[in-house]
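Novice: The following block contains the structure, expressed as C-alpha cells.
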Amino acid sequence: MNETLPTQDLNIVHAAALVPVSDTGTARSGAAQNDLEIIADGALAIRQGKIVAVGTTAEVLADWSDPAVTTLEATGKTVLPGLVESHSHPLYGGSRHREYAERLGGATMAEVVARGGGIWTSVQTTRATSDAELLTGVEEALARMTKGGVTTVEVKSGYGLTIEHELHHLELLNAAAQNTPLRTVITFLGAHVVPRDLEVPDGVTPTDYYTDLVAGPMLDAVLAQGIADFQDVTVEAGDFTPQQALRVMKRSHQVGLPIRVHADCNNPSQGWQTAVAGGATSAEHLTYTPDQEITDTGPTDTVAVLLPVAELIYMTDKRANARLLINTEVPLAIATDYCSSIHATSLLSTMTMAAPWYQITPAEAIVACTLNAAYSLGRATECGSLDVGKAGDVLILNADHPEEIFMGLADEMLEKTIIGGAIAWETNS
Ligand SMILES: [Zn+2]
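Residues 1 to 429 (the numbering used here) are what the sequence shown spells out, left to right.
Shown next, in the form of C-alpha cells:
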C-alpha cells in the first residue's frame with residue numbers, strides 16, 4: 001500500500017443494514033461462520049483512516065457528529081467490510097484465451113498441456129515480457145479489483161521460477177503495491193511448478209533438484225530481498241509431493257516466512273493434510289481433497305481458501321466440499337484465483353457465485369471473503385471486519401439487506417469501495 005496517501009476522516013450514517021462481521025480474535029468456523037450480525041440504521045465513524053465507532057446512527061453520532069467531516073448517507077444501503085482477496089497471480093505475460101477456447105471446444109487439459117499450454121507457457125511468456133508491460137498488467141488488475149469490492153489483496157509471484165526472475169517479479173509486485181490504495185500482501189511462489197528448462201545433474205530427479213533450489217538458495221535470496229510476506233508451495237501429483245513440500249515448508253518456518261499451499265487443484269494429492277501437518281496458514285483450491293481426508297484431519301486453524309471460478313473455468317468434475325470443511329470446524333475463505341488463465345477480478349461476484357456453487361449461505365460467503373480471508377493473510381488485526389481500531393475499509397451497496405446482494409449480478413449493486421476512509425472507486429467514477 002502506498003503509505004503516502006492521505007488517510008481520511010469519514011462518517012457513514014443511516015445504513016439500512018451494517019454488517020460488522022465482528023472479530024473475536026480467531027477466524028470463524030462451524031456455526032460461527034454462519035452468524036451474521038446486522039445493525040439496522042447503522043453507522044460508522046472513521047478518523048485518520050481507522051474505525052473509531054460502529055453502532056446505530058444515534059450511538060455513533062452522539063460522540064462523533066462533526067460538521068467538518070464528510071458524511072455519507074447510506075439510507076437503503078448495505079454496508080460491508082471491504083473484501084479481502086486471498087489468492088491472485090496478477091503478474092503474467094501473454095494470454096491463454098486460445099487454450100481456454102480449445103478446452104471449451106472439447107480438448108482435455110492434458111491435450112492442451114501436451115500442445116505446450118498450461119502454466120509453463122505463462123512462465124515463458126512472462127519471462128519475455130517487458131517490465132513496463134508486466135507492471136501495467138498488474139496495475140490494471142488491481143484497479144479492476146477495487147471495482148469488485150476488494151480493499152486488501154494477496155499477489156503471488158510464480159511465473160519466473162529462477163532466482164533472478166522470481167526476485168525481479170517480486171520487485172515489480174512491490175512497485176505495483178506502492179502505487180495502489182489497496183493493502184497488499186506479497187507471496188513468493190517459487191514452488192509453483194517445476195520449470196521444464198532446468199539443467200539437472202545426473203542422479204537426481206528434476207523435482208528433487210528444484211525443491212532443494214527453492215528451499216535453499218532461492219528462499220535465501222528472497223529473504224535477503226525482504227519483500228515477500230509468505231511462501232507458497234504446490235502439493236499436487238505431477239508437481240511437488242507431500243514430502244518435497246514439507247521440506248520447503250520446514251525451511252520456510254525455520255527462517256520465519258509463513259506458508260500458503262496450492263493443494264489438490266487437479267487430483268487428490270494429500271495437499272490438505274500436508275498443509276495442516278506443515279503448519280500452513282492457508283491451503284488453497286482443495287477441489288479434489290477427499291472427504292475422508294477432511295474428516296481425518298479434523299478441526300484446524302489452517303484456513304481453507306476455495307476458488308470457485310477456477311473450478312468453473314477448469315471445468316472440473318468435482319467441487320471443494322465447503323459444507324464438510326465448515327462442519328469440520330475449518331475456517332473457510334473464498335478468492336478469485338485471478339491469474340494467466342482466469343481473468344476474474346471481482347471478488348464480490350465470486351462471493352455471490354460461491355453461495356449456490358458450494359451451497360453455502362450468504363452469511364458463510366460474506367465471512368469467507370472478509371474476516372476469514374484476512375486471517376488467511378495474517379492481517380486480521382488490520383482489516384477484514386468493521387471493528388474499532390481496524391482500517392476504514394468499507395463497501396456501500398445498493399441493497400437494503402446483505403442477502404439481497406446474492407440474488408443477482410453483485411457488481412451492479414456496488415456503489416463505493418472505501419479504503420482507509422478514502423473512496424477508492426465509486427459508481428460512474
Ligand atoms: Zn493459484
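Quick reminder that beta carbons are idealized off the backbone N, C-alpha and C, glycines included.
1. Can you grab the Cα-Cα spacing for the pair I46 / N267, in whole Å?
2. Looking only at C-alpha atoms, which of G158, G49, P331, V153 sits nearest to V303?
3. Secondary structure at A283, three-state DSSP: helix, strand or coil?
4. Going by DSSP in three states, D232 sits in which element: helix, strand or coil?
5. Hey, T234 and H262 are a contact pair by Cβ (cut 8 Å); roughly how many whole angstroms apart?
6. Which of the three DSSP states is assigned to T295 in this structure?
7. Whole angstroms are fine: how far does the CA of R127 sit from the CA of R144?
8. What separation, rounded to the nearest whole angstrom, lies between the Cα atoms of E166 and L135?
9. With a threshold of 7 Å, establish whether the CB of H89 neighbours any heavy atom of ligand 3.
10. For E284 and G148, what's the separation of their Cα atoms in angstroms?
11. Pick helix, strand or coil for R379, following the three-state DSSP scheme.
12. Consider the C-beta atom of C369 and the heavy atoms of ligand 1; say whether any pair is separated by less than 7 Å.
13. Can you grab the Cα-Cα spacing for the pair T370 / Q273, in whole Å?
14. State buried or exposed for A101, treating a residue as buried only when at least 16 other CB atoms are found within 10 Å of its CB.
15. Looking at C-alpha atoms only, which residue of H168, G93, G76, G94 is the closest neighbour of I39?
16. Does the structure place the stretch 418-429 close enough to the stretch 93-110 that three or more beta carbon pairs sit under 8 Å?
17. Mind checking which residues open and close the beta strand (DSSP E) that includes I423?
18. Just checking, does the stretch 55-69 make contact with the stretch 308-322 on the three C-beta pairs under 8 Å criterion?
19. Looking at the strands, I want to know which residues DSSP matches up with K50.
20. Taking the alpha-carbon of D301 as reference, which of L80, A373, F188, E139 has the nearest alpha-carbon?
21. Can you tell me the Cα-Cα spacing of V388 and S22, whole angstroms?
22. Quick check on this structure: which residue in L246, V255, I259, G256 has the alpha carbon closest to the alpha carbon of Q270?
23. Can you look up N11 in the DSSP assignment and give me helix, strand or coil?
24. What are the partner residues of E73, as DSSP defines its beta bridges?
25. Three-state secondary structure (DSSP) at S122?
26. Leaving out five residues on either side along the sequence, give the residues of the same chain with a beta carbon under 6 Å from the beta carbon of A410.
27. Helix, strand or coil, according to DSSP, for H192 in the structure here?
28. If you pair each beta-carbon of the stretch 150-157 with each one of the stretch 77-88, do three or more pairs fall below 8 Å?
29. DSSP state of I163, grouped into three classes?
30. Could you tell me if the beta carbon of D511 falls within a distance shorter than 7 Å of some heavy atom in ligand 1?
31. Can you tell which of Y338, E364, S340 has the C-alpha that lies nearest to the C-alpha of A322?
32. Is S349 helix, strand or coil by DSSP?
33. Short of 6 Å in beta carbon distance, which residues of its chain neighbour G117, apart from the five on each side in sequence? Order them along the chain.
34. By a C-beta neighbour count over all protein chains shown, 10 Å radius and 16 as the cutoff for buried, is D220 buried or exposed?
35. Under 8 Å by Cβ, that's how I've got A354 and P308 pegged, so tell me the actual separation to the nearest angstrom.
36. Along the alpha helix (DSSP H) that carries K250, what are the first and last residues, could you check?
Specialist: Taking the geometry as given:
1. 46 Å
2. P331
3. strand
4. strand
5. 4 Å between Cβ atoms; contact.
6. helix
7. Approximately 24 Å, taken between the alpha carbons.
8. 15 Å
9. Absence of ligand 3 is noted for the structure shown, with ligand 1 being the only ligands found.
10. Taking the straight line joining both Cα atoms gives about 21 Å.
11. R379: coil per DSSP, three-state reduction.
12. no
13. Each residue's Cα considered, the two are about 25 Å apart.
14. exposed
15. Nearest C-alpha to I39 among H168, G93, G76, G94: G76.
16. no
17. 422-426
18. Short answer: they don't touch.
19. R47, A391
20. A373
21. 10 Å
22. L246
23. strand
24. V13
25. Here S122 sits in helix by DSSP.
26. L348, S349, T352
27. In the structure shown, H192 sits in coil (DSSP, three-state: anything other than H, G, I, E or B).
28. yes
29. helix
30. Because the chain in this structure spans residues 1 to 429, residue 511 falls outside the shown range and cannot be described.
31. With respect to the C-alpha of A322, the residue from Y338, E364, S340 having the closest C-alpha is E364.
32. Judged by DSSP in its simplified three-state form, S349 adopts helix.
33. Its chain contains E99 as the residues whose beta carbon lies nearer than 6 Å to that of G117, once the 5 sequence neighbours on both sides are disregarded; these appear in chain order.
34. Answer is exposed; the Cβ neighbour count stays below 16.
35. 5 Å
36. 242-254
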